[in-house]
Amino acid sequence: MTDRLLPRLLQAPAVVLLLIWMFVPLSMTLFFSFIRYVLNSLRHPEWTYPSLENWRGFGNYEYVLYKSKDFWFAVQNSIFIVGSVIFFTVVLGLAIAVLINRPFLGRGIARVLLISPFFVMPSVNAVLWINMILDPVLGLNGLAVEGLNKIVISLHDYPIIGSFFSLWPEIEPISFRATQTSAYAVIIMVTWQWTPFAILIFMTSLQSEDQQQKEAAILDGANAWSQFRNLTLPHLARPIAIVVMIQAIFHLSLYAEIEIVSRGNGNKNLPYLIGEFSSNNIGAASATGIFAVILANIVAIFLLRLVGKNLAD
Amino acid sequence: MDIIAQKVSFGRFIRPIAGWLVALIFFFPIFWMLFTSFKTDADAVKPEYLFFFSPTLENYFQMTENYDYWRFAKNSIITSTFATVFALFVGVPSAYAMAFTPGR
């Protein structure tokens, strides 16, 4: 029995801490989600502290589902952002990892440059992209569109091509701060930041790919695409599953980018909605939090199944 | 022979060019942030100073003078260091136990 004692003792702190850290917040969230708990309630001062006497049953859930109009929008937006980011990072990551897998001049430096976005802080990333690059007037987006318009207008004076270019409409830069488009801005900046992560994971597992199998495939006359599809992609099935899982977990809780890009313009995801509720209505925030936990579990199970099925065989 | 010749030309010319292009595109926002940090507040939003301007360190001095920069930096370092040390402290023994005495 003594040889079981040491491992148990070593594991005990982690298990106990994780149990406390999971159990206490989750049970508090569950408790708060069933009571009326409003921080700034002037008419009902008894609601401003948590107590069993303010029991509300499923009232908070009903309120979140039916009365607050933002809930379904936030769920939709969360899934849209997470799904798009995962799709683009996996596709870009695969392409770039395969591209830089073979040695070329200065590959080490190119690799460092490719990984660098991952070390930028999320809030810095958001400020940088929304103010300096995507801004429709002062950012590079606005300047580039303005420059393009100027070039097109200056071409109007030329004899033959001028009449062709005069048919071109003046382009308007996309404003990434509007409600509909700020989700795209978030997707762009998060994809930029997380593609290096996918590249890193795919690159390390590409190193372990069987080269003899590849040579045999080349000798058999397989072209680059069928090599990629039939050898590389199955080899990368598990790394892809890992990238998808980790990113789903991380991006469902995306907050800094949403906060900086769309402060006040109505675009939000689930964590942002919880944050809004929690400035006043803790009950509704907790109910939304429980919904978020359920959604995260559904997404995790769904993604595991999908990735496992498509790539395992 | 045909296939191998194709591969060589791809490896020799297109791969380095494409690889470097992608790397530079990915690094560009960070470069642009660094580049803009040497412009004054007024110059940063003027298209005519987009690439050519008189560089200044004004922003760096302002950053440390007008804001409590070093305190916030210290906070970041303290949180990240202690979180990492604590996680390792709890996680390493647990991982060791799981790796060397596989139960179940």
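Residue numbers (this note's numbering), protein chains in the order written: chain S, 0 to 312; chain H, 931 to 1034. All C-beta atoms, glycine included, are put in the ideal place defined by N, C-alpha and C.
Same chain, Cβ closer than 7 Å to residue i, five either side skipped, listed in chain order
i        : result
S:Tyr62  : Ala283
S:Phe313 : The question about residue 313 of chain S has no answer here: the residues shown for chain S are numbered 0 through 312.
S:Phe199 : The sequence given here places Leu at residue 199 of chain S; Phe does not occur at that position. These residues qualify, in order along the chain: Ile114.
Identity of the residue in the options nearest residue i by Cα
i         : options                                  : result
S:Thr178  : S:Phe31, S:Ala286 and S:Phe72            : S:Phe72
S:Met188  : S:Glu258, S:Pro270, S:Ser40 and S:Trp128 : S:Trp128
H:Met1028 : S:Tyr48, S:Ile80, S:Ala11 and S:Leu133   : S:Ala11
S:Pro244  : S:Ser204, S:Ser50 and S:Ala197           : The residue you asked about is not Pro; residue 244 of chain S is Met in the sequence shown. Checked all of S:Ser204, S:Ser50 and S:Ala197; the closest Cα to S:Met244 is S:Ala197.
S:Pro135  : S:Glu275, S:Phe118 and S:Ile173          : S:Ile173
S:Ala255  : S:Ala240, S:Gly274 and S:Ile239          : S:Gly274
H:Thr1031 : S:Leu5, S:Leu29 and S:Leu139             : S:Leu5
S:Trp191  : H:Arg942, H:Phe943 and H:Ile955          : H:Ile955
S:Trp167  : S:Ser181, S:Phe175 and S:Val151          : S:Val151
H:Ile944  : S:Pro102, S:Ser77 and S:Asp209           : S:Pro102
H:Ala953  : S:Trp224, S:Pro195 and S:Leu218          : S:Pro195
H:Ala1025 : S:Ser278, S:Ala13 and S:Ile95            : S:Ala13
Buried or exposed by the 16-neighbour rule on C-beta atoms within 10 Å, applied to residue i
i         : result
S:Leu18   : exposed
S:Met120  : exposed
S:His155  : exposed
H:Lys1004 : exposed
S:Phe207  : Correcting the residue type first, residue 207 of chain S is Ser in the shown sequence and not Phe. Looking at its Cβ environment, which holds fewer than 16 other Cβ atoms inside 10 Å, S:Ser207 is exposed.
H:Leu964  : exposed
S:Trp46   : buried
S:Lys68   : exposed
S:Asn296  : exposed
S:Gly220  : exposed
S:Leu104  : exposed
S:Leu38   : exposed
S:Gly298  : In the sequence under discussion, the amino acid at residue 298 of chain S is Val, which differs from the Gly named in the question. Label assigned to S:Val298: buried.
H:Val1022 : exposed
S:Lys267  : buried
S:Met131  : buried
Rounded C-alpha distance that separates residue i from residue j
i        : j        : result
S:Ala236 : S:Trp193 : 19 Å
S:Arg106 : H:Ile947 : 11 Å
S:Ile160 : H:Glu978 : 28 Å
S:Pro233 : S:Leu205 : 11 Å
S:Phe163 : S:Leu302 : 50 Å
H:Asp932 : S:Asn148 : Confidence is the limiting factor: at H:Asp932 the pLDDT is only 47, short of 50, which leaves the residue's position unreliable and the question unanswerable from this model.
S:Ala184 : S:Val126 : 11 Å
H:Leu980 : H:Trp962 : 10 Å
S:Met202 : S:Ile99  : 8 Å
S:Glu214 : S:Leu93  : 21 Å
S:Ser122 : S:Ile259 : 7 Å
S:Glu52  : S:Tyr36  : 11 Å
Beta-carbon contacts of residue i that lie in its chain and below 8 Å, excluding the five residues immediately before and after
i        : result
S:Phe227 : Val97
S:Val84  : Ile186, Val189, Thr190, Trp193, Gln246 and His250
S:Gln212 : Leu230
S:Leu29  : Ser285 and Ile289
S:Ser50  : Ile34
S:Val89  : Ala197, Ile239, Val242 and Val243
H:Pro985 : Phe968 and Lys969
Sequence-distant residues of its chain with Cβ nearer than 6 Å to residue i (five each side left out)
i        : result
S:Arg42  : none
S:Asn124 : Met188 and Gln192
S:Asn59  : Ser32, Gly282, Ala283 and Ala286
H:Thr966 : Ala974
S:Ser40  : Trp46 and Thr47
What are the residues of the segment 67 to 101 of chain S that lie near chain H, defined by any Cβ-Cβ distance shorter than 7 Å?
-> Cβ contacts with chain H come from Ile95, Leu98, Ile99 and Arg101.
Contact set between the segment 187 to 200 of chain S and chain H, restricted to residues whose Cβ is under 8 Å from the partner | So the list reads Trp191, Thr194 and Pro195, given in the order they occur along the chain.
Closer than 9 Å, Cβ to any Cβ of chain H: which residues of the segment 103 to 117 of chain S, in chain order?
-> Listed in sequence order: Phe103, Leu104, Gly105, Arg106, Ile108, Ala109, Arg110, Val111, Leu112, Leu113, Ile114, Ser115 and Pro116.
Interfacial residues, the segment 1011 to 1026 of chain H to chain S, with Cβ spacing under 7 Å | So the list reads Val1020, Gly1021, Pro1023, Ser1024 and Tyr1026, given in the order they occur along the chain.
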